[in-house]
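For what it's worth, my numbering labels the leading residue of the sequence shown as 733, then goes sequentially.
By construction, the Cβ of each residue, glycine as well, lies at the ideal position given by its N, Cα and C atoms.
Taking it in order: structure first as structure tokens, then the write-up.
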Amino acid sequence: MRSDRAADGAAEADKRQETGNAAAASPDRASNQPEMGGAVIGRRNLSPLIDKLCADHSLSLAEYEFLIANRTPEAARLLSERAAAVRKSIYGNTVYIRGLIEISNICRNDCLYCGIRKSNSNCSRYRLTPEEILSCANEGYALGFRTFVLQGGEDGYFNDTVLCGIVRRIKERHPDCAVTLSMGERSRESYKLLRDAGADRYLLRHETADKAHYEKLHPVQMSYDNRMRCLRDLRETGYQVGCGFMVGSPYQTPAELAKDLKFIENFRPDMCGIGPFIPHRDTPFGGFPAGTVELTCYLLSIIRLIRPPVLLPSTTALGTIHPTGREMGILSGANVIMPNLSPVSVRKKYELYNNKICTGEESAQCRADLERRMRAIGYEVVTARGDIRRDTRQRP
Ligand code: SAH
């Protein structure tokens, strides 16, 4: 991994060289490559396909699948250099921070991968009061946060009246801040009320863009169609919307990932949260292996190239499976970090997966630690609200 500006310069030089080589290959032949079983220019030369992705921000499903199934360290390097350059041209070397407040781990759902699923009787449940949430936001504001992300299980206590009240209070107290919600599936009316109360953004990972795969990850009570309905409603209600998925979730293959990428290409989210699946011992998926840093970073780069202005977090899950996972995510094209602002007393309880990092640190410590980590790789944490760059939002 590159760790200073000098190394950055060296990588730039390498990139010029590689870009030259890539330009020499024929993109036409590359686009035929998947159908031709890779026989034309050799299975491991993915440069032409990467060129095509950079130029068109789009590949066919078969090409996405090929790019994933046949990935090589060289392809990963080329993708991450291209992604970092694109990201730099839009956001410079800045990293946006979002203060994550985990407001409740009480959930009516039973997602098979999630540690706070309803049936996990080993989970010790908690719910923050509106006052506690407000005080987390106030503390975050003093630390320079200008976006607060309220995330939680689907806890009936947070009905529209209660949640709208909290959003309103945060916006009244901190009008220069954005409020992001990540509270799961709700009705269109509910999304509208929350938007009217002042919520700016909503994160709802689609989890997988393949219906059959969705059904393997969720109980029968949950449906792919409703998830998609929610995402459409959120978009139409005027939110900046985030989708996303877990990398290496059970039963996921390059074919499912290709569908995720196609979905992102078509849906054109403002934000996209991806992180490795990490097993939680008290779930039906406790025995499945975790996703990898390598594939997560590879996909982060591809997503940046599909949708250059997207707000792309380097997630806590990535930092959990590798000590410098979040740095690697940023170097692969991510531009957002979401440190935890939840009270330390509840952090361990919001355990979506085992061994989650930063559960013992005070918010100020997390913030300082991240700033140091980002600076070490040549990036600067900024305290802007960090909205998506609207000027680059339209399709070229
Ligand atoms: N209830 C909200 C918030 C869910 S938690 C909602 O439905 O949107 C946020 C994300 O954590 C989920 O969307 C899921 O993709 C991720 N997650 C859950 N369990 C996980 C696990 N075991 N490993 C990695 N990520 C997980």
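G930 and R959 closer than 8 Å at C-beta: As a first step, residue 930 is located in the sequence shown; it is residue number 198 there, counting from the start. As a first step, residue 959 is located in the sequence shown; it is residue number 227 there, counting from the start. No, they are not a contact pair.
Identity of the residue in R1039, P805 and L785 nearest Y796 by Cα: Position 64 of the sequence shown holds residue 796. Per the C-alpha coordinates, the member of R1039, P805 and L785 positioned closest to Y796 is L785.
Contact check, V827 vs I1069, beta carbons under 8 Å: Taking the sequence shown and counting its residues from 1, one reaches residue 827 at position 95. Taking the sequence shown and counting its residues from 1, one reaches residue 1069 at position 337. Yes, Cβ-Cβ distance for V827 and I1069 is below 8 Å.
Spatial distance of K924 from K948 (CA atoms): Start at 1 with the first residue of the sequence shown, and residue 924 comes out as number 192. Start at 1 with the first residue of the sequence shown, and residue 948 comes out as number 216. Rounded to the nearest whole angstrom, the CA to CA distance from K924 to K948 is 31 Å.
Run of the beta strand (DSSP E) containing Q972, from where it starts to where it stops: Residue 972 sits at position 240 when you count from the first residue of the sequence shown. Where Q972 is concerned, the enclosing beta strand (DSSP E) stretches over Q972 to V979.
Top-ranked residue by Cα proximity to D1014, from P805, V1078 and Y845: As a position in the sequence shown, residue 1014 is number 282, starting the count at 1. D1014 has its Cα closest to that of Y845, out of P805, V1078 and Y845.
I898 CB to nearest heavy atom of the ligand SAH below 7 Å: As a working mapping, residue 898 is identified with position 166 in the sequence shown. No, the ligand SAH has no heavy atom inside 7 Å of this Cβ.
Rounded distance between the beta-carbons of V1113 and M1060, thought under 8 Å: Counted from its first residue, the sequence shown places residue 1060 at position 328. Counted from its first residue, the sequence shown places residue 1113 at position 381. Contact flag wrong, Cβ pair sits at about 17 Å.
Alpha carbon of T1048 to alpha carbon of G884, nearest angstrom: Taking the first residue of the sequence shown as 1, we reach residue 1048 at position 316. Taking the first residue of the sequence shown as 1, we reach residue 884 at position 152. Each residue's Cα considered, the two are about 15 Å apart.
Where A987 falls: helix, strand or coil (DSSP): The sequence position of residue 987 within the sequence shown is 255, counting from 1. Here A987 sits in helix by DSSP.
Beta strand (DSSP E) runs contained entirely in the segment 858–887, provided each spans 3 or more residues: 879–884
As assigned by DSSP and simplified to three states, the class of T969: As a working note, residue 969 is residue 237 in the sequence shown. Here T969 sits in coil by DSSP.
Euclidean distance between Cα positions of G1057 and T969: In the sequence shown, the residue the question calls residue 1057 occupies position 325. In the sequence shown, the residue the question calls residue 969 occupies position 237. Rounded to the nearest angstrom, the two C-alpha atoms are 34 Å apart.
I902 and L926 closer than 8 Å at C-beta: One-based indexing of the sequence shown puts residue 902 at position 170. One-based indexing of the sequence shown puts residue 926 at position 194. No.
Length of the line joining the Cα atoms of I829 and G847: Along the sequence shown, one-based indexing puts residue 829 at 97. Along the sequence shown, one-based indexing puts residue 847 at 115. Looking at the two C-alpha atoms, the distance is approximately 25 Å.
8 Å Cβ cutoff met for I1010 and G976: Position 278 of the sequence shown, counted from the start, is the residue given in the question as residue 1010. Position 244 of the sequence shown, counted from the start, is the residue given in the question as residue 976. Not in contact: I1010 and G976 (Cβ atoms no closer than 8 Å).
Span of the beta strand (DSSP E) around G831: Taking the sequence shown and counting its residues from 1, one reaches residue 831 at position 99. Its beta strand (DSSP E) spans residues G831 to S836.
E939, buried or exposed, once every other Cβ within 10 Å from all chains shown has been counted against 16: As a first step, residue 939 is located in the sequence shown; it is residue number 207 there, counting from the start. So E939 ends up on the buried side.
Sequence-distant residues of its chain with Cβ nearer than 8 Å to I1120 (five each side left out): For the purposes of this step, residue 1120 is taken as residue 388 along the sequence shown, with counting starting at 1. Correct list, in chain order: Q972, D1002, M1003, P1041, V1042 and L1043.
F1009 CB to nearest heavy atom of the ligand SAH below 7 Å: Numbered from 1 along the sequence shown, position 277 holds the residue referred to as residue 1009. Between the ligand SAH and F1009, a heavy atom-to-CB distance of less than 7 Å is present.
D760 - DSSP class collapsed to helix/strand/coil: Your numbering for residue 760 matches position 28 in the sequence shown. In this predicted model, D760 has a pLDDT of only 37, less than 50, meaning its place in the structure is not dependable enough to derive any value.
DSSP beta-bridge partners of S914: Within the sequence shown, residue 914 is the residue found at index 182, counting from 1. Looking at the DSSP assignment, S914 forms a beta bridge with Q883.
Reduced DSSP category for D1119 - H, G, I as helix; E, B as strand; rest coil: Taking the first residue of the sequence shown as position 1, residue 1119 is located at position 387. Correct three-state label for D1119: coil.
Coarse secondary structure for Y823, derived from DSSP in three states: Taking the first residue of the sequence shown as position 1, residue 823 is located at position 91. If DSSP states are grouped into helix, strand and coil, Y823 belongs with the helices.
A1116 versus R878 - alpha carbon distance: Here residue 1116 corresponds to residue number 384 of the sequence shown, with the count starting at 1. Here residue 878 corresponds to residue number 146 of the sequence shown, with the count starting at 1. Their Cα atoms are separated by approximately 6 Å.
Option nearest P907 by Cα separation, candidates N1067, A869, P1045 and P1075: As a working note, residue 907 is residue 175 in the sequence shown. Of the listed residues, the one whose Cα sits closest to P907 is A869.
Helix, strand or coil at E1094 according to DSSP, with G and I counted as helix: By one-based count along the sequence shown, residue 1094 stands at place 362. The answer is coil: DSSP assigns E1094 none of H, G, I, E or B.
Any non-hydrogen atom of the ligand SAH within 7 Å of E1083 CB: Counting from one through the sequence shown, the residue named residue 1083 turns up at place 351. No.
Any non-hydrogen atom of the ligand SAH closer than 7 Å to C846 Cβ: Sequence index remark: in the sequence shown, residue 846 carries index 114 (1-based). Checking the Cβ of C846 against the ligand SAH gives yes.
DSSP-derived helix/strand/coil call for E1112: For this step, residue 1112 is matched to residue 380 along the sequence shown. E1112: strand per DSSP, three-state reduction.
CA-to-CA distance, S1095 to C1029, given in whole angstroms: Counting from 1 along the sequence shown, the entry for residue 1029 is found at position 297. Counting from 1 along the sequence shown, the entry for residue 1095 is found at position 363. One C-alpha to the other measures close to 26 Å.
Cβ-heavy atom distance, M978 to the ligand SAH, below 7 Å: Counted from its first residue, the sequence shown places residue 978 at position 246. Yes, the ligand SAH has a heavy atom inside 7 Å of this Cβ.
Spatial distance of K994 from G974 (CA atoms): Translated into the one-based positions of the sequence shown, residue 994 becomes position 262. Translated into the one-based positions of the sequence shown, residue 974 becomes position 242. Here the C-alpha atom of K994 lies approximately 15 Å from the C-alpha atom of G974.
Three-way DSSP call (helix, strand, coil) for I1089 in this model: Within the sequence shown, the letter at position 357 stands for residue 1089. Three-state DSSP puts I1089 in coil, outside helix and strand.
Validate contact between the segment 983–994 and the segment 911–923 using beta carbons, cut 8 Å, 3 pairs: no
Burial state of E863, where buried means 16 or more other Cβ atoms lie within 10 Å: Numbered from its first residue, the sequence shown carries residue 863 at position 131. The residue is exposed, with fewer than 16 neighbouring Cβ atoms inside 10 Å.
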